[in-house]
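Visitor: Counting from 396, one number per residue, gives the positions in the sequence shown under my numbering. C-beta atoms are modelled at their ideal positions from N, C-alpha and C, and glycine is treated no differently. Dropping the structure in here first, questions after.
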Amino acid sequence: MSDKLRIAVQKSGRLSEGSDALLRECGIQFQQGKGKLKAVAHNFPIEILFLRDDDIPAYVQDGVADVGILGENVVVEKQQSVQILERLGFSKCRLSIAVPRGATYHGIADLSGKKIATSYPHLLGSYLEAQGITAKLHFINGSVEIAPSIGLADAVCDIVSSGSTLLSNGLKEVQTIFKSEAVLIAGNGLSAERQAILDQLRFRIQSVRRAEGRKYILLNAPEDQLDTILSILPGLKSPTVMPLATKGWYSVHSVIEEDVFWEKIAALRTAGAEGILVVPIGKMII
Ligand code: PRT
Ligand code: ZN
Numbered sequence: 396m397s398d399k400l401r402i403a404v405q406k407s408g409r410l411s412e413g414s415d416a417l418l419r420e421c422g423i424q425f426q427q428g429k430g431k432l433k434a435v436a437h438n439f440p441i442e443i444l445f446l447r448d449d450d451i452p453a454y455v456q457d458g459v460a461d462v463g464i465l466g467e468n469v470v471v472e473k474q475q476s477v478q479i480l481e482r483l484g485f486s487k488c489r490l491s492i493a494v495p496r497g498a499t500y501h502g503i504a505d506l507s508g509k510k511i512a513t514s515y516p517h518l519l520g521s522y523l524e525a526q527g528i529t530a531k532l533h534f535i536n537g538s539v540e541i542a543p544s545i546g547l548a549d550a551v552c553d554i555v556s557s558g559s560t561l562l563s564n565g566l567k568e569v570q571t572i573f574k575s576e577a578v579l580i581a582g583n584g585l586s587a588e589r590q591a592i593l594d595q596l597r598f599r600i601q602s603v604r605r606a607e608g609r610k611y612i613l614l615n616a617p618e619d620q621l622d623t624i625l626s627i628l629p630g631l632k633s634p635t636v637m638p639l640a641t642k643g644w645y646s647v648h649s650v651i652e653e654d655v656f657w658e659k660i661a662a663l664r665t666a667g668a669e670g671i672l673v674v675p676i677g678k679m680i681i
């Protein structure tokens, strides 16, 4: 049997849906039986281990898994000897300091000598040290947000995404100390065979990520407006331009970024573009 790359992903939680979707977008098919700790892909030399996210850095460092997908916040907090290979763009969140809504807060100096509850003592400790602030860190594993209301701490430092947990616990976010998203990590010393599989996996991930936030656009342009329309539409190299059967008209194809999409469409219409079609891109190989 030929060698397989072992990838650790979160068994169930806020990373599992994104990790699963990414592997499937990369064309990797597997079945995750309920309660199963391991799956082997049918069509790619990879074995998937389903674990708690907190355990992934140590497993990757120790070589139990070769690579892993988890939040950058956990990677940095755990301080294991692993490296971040790819940023994956999902499970985005921030690590923030929050204080009771009624408390006055003018700046980080107000936290000097205060008690701060957190599950991220390393990240918070390094941040406070860099700011020259000495505070008392109180480690809690989970439900950090209730600490001020039960008199355990003056402030908290926890993961925030929508902010509704802080709000419903009477807290206000005053300082973001770290921004996080899911990342692909690897340990050291992969065999040449596993390294080659990892290179293929990274190539696929990069192709999927490149296609995210981009659309393929096709439109018809009258000859006298072609230059104006092309100047609105820079392609990967340059847009494809093909004459239509109707004289004086061209078909133009290009790739457009999602965040400038609507303003570009408006400019194209004003410039005389017609029959504009926009289609999703599955993968983008450069
Ligand atoms: O069981 P296991 O140990 O594997 O999972 P877990 O419970 O430790 O982690 P999980 O699934 O909650 O989160 C996994 C990762 O998802 C985190 O390490 C972050 O990288 C990322 N992530 C993204 C989040 C959130 N968003 C998030 N909102 N992790 C936690 N939260 C929690 C936060 O702790 C707080 O309780 O959600 C609450 C805040 O959410 P809002 O929307 O109310 O602000
Ligand atoms: Zn966890």
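Assign G413 to one of three DSSP states: helix, strand, or coil.
Guide: helix
Visitor: Output the distance between the C-alpha atoms of A436 and T513, rounded to the nearest integer angstrom.
Guide: Near 38 Å, if we compare the C-alpha coordinates of T513 and A436.
Visitor: R597 to V459, Cα distance in whole Å?
Guide: 20 Å
Visitor: Identify the continuous beta strand (DSSP E) that holds T635 and give its terminal residues.
Guide: 635 to 638
Visitor: Apart from the five residues on each side of it in sequence, which residues of its chain come closer than 8 Å, Cβ to Cβ, to I624?
Guide: L614, A616, V647, L663, A666, G667, A668
Visitor: Using DSSP with H/G/I as helix, E/B as strand and the rest coil, what is S407?
Guide: DSSP, reduced to helix, strand and coil, places S407 outside both helices and strands of the structure shown, so it counts as coil.
Visitor: Relative to the C-alpha of S538, which candidate in S397, E618, V551, L532 has its C-alpha closest?
Guide: Of S397, E618, V551, L532, the smallest CA-CA separation from S538 is found for V551.
Visitor: Counting pairs of beta carbons, one from the region 439 to 448 and one from the region 396 to 414, are three or more of them closer than 8 Å?
Guide: Yes, since at least three Cβ pairs between the region 439 to 448 and the region 396 to 414 fall closer than 8 Å, the two stretches touch.
Visitor: Could you name the residues that DSSP lists as bridge partners for R489?
Guide: According to DSSP, R489 bridges with V555, K574.
Visitor: Taking 8 Å as the cut-off, decide whether the C-beta atoms of I572 and L490 are in contact.
Guide: The answer is yes: Cβ separation under 8 Å.
Visitor: Distance check for A498 and R604, CA to CA, integer angstroms please.
Guide: 42 Å
Visitor: Determine the extent of the beta strand (DSSP E) in which A548 is found, giving its start and end residues.
Guide: No beta strand (DSSP E) contains A548, which DSSP labels as neither H nor E.
Visitor: Considering Cα atoms alone, identify which of K567, E568, K659 is closest to R609.
Guide: K659
Visitor: Measuring only the C-alpha atoms, how far is H533 from N564?
Guide: N564 has its alpha-carbon roughly 18 Å from the corresponding atom of H533.
Visitor: By Cβ distance below 7 Å, which residues in the same chain neighbour R589 in space, the five residues on each side in sequence not counted?
Guide: D398, L400, D461
Visitor: Since H533 sits in a beta bridge, which residues does DSSP pair it with?
Guide: A512
Visitor: Below 7 Å CB to CB, which residues in the same chain sit around P495 once its five sequence neighbours on both sides are set aside?
Guide: Within the same chain, P495 has close Cβ partners P543, G565, L566.
Visitor: Give a single yes or no on whether D594 has its beta carbon closer than 7 Å to a heavy atom of the ligand ZN.
Guide: For the ligand ZN, not one heavy atom lies less than 7 Å from the Cβ of D594.
Visitor: Any idea what DSSP makes of E658, helix, strand or coil?
Guide: If DSSP states are grouped into helix, strand and coil, E658 belongs with the helices.
Visitor: Between A587 and P634, what straight-line distance do the alpha-carbon atoms span, to the nearest angstrom?
Guide: Cα-Cα distance, rounded: 40 Å.
Visitor: Candidates V555, T560, A530: which alpha carbon is nearest I541's?
Guide: T560
Visitor: Does DSSP classify F439 as helix, strand or coil?
Guide: coil
Visitor: Do you know whose CA, among I651, A493, G422, I479, lies nearest A548's CA?
Guide: A493
Visitor: In this structure, how does DSSP classify V583 when only helix, strand and coil are distinguished?
Guide: A quick correction: the sequence has Asn, not Val, at residue 583. DSSP places N583 in coil when its eight states are reduced to three.
Visitor: Is R496 near the ligand ZN, in the sense that its beta carbon is under 7 Å from a heavy atom of that ligand?
Guide: no
Visitor: When we look at the beta-carbon of N468 and count the other beta-carbons within 10 Å, is it buried (16 or more) or exposed?
Guide: Note on N468: 16 or more other CB atoms within 10 angstroms of its CB, so buried under the neighbour-count rule.
Visitor: Helix or strand or just coil, what does DSSP make of N468?
Guide: helix
Visitor: Along the chain, where does the beta strand (DSSP E) containing L672 start, and where does it finish?
Guide: Where L672 is concerned, the enclosing beta strand (DSSP E) stretches over 669 to 675.
Visitor: What do you get for V673, buried or exposed, if any count of 16 or more other CB atoms within 10 angstroms of its CB means buried?
Guide: exposed
Visitor: Less than 8 Å between the beta carbons of A581 and Q475, yes or no?
Guide: no
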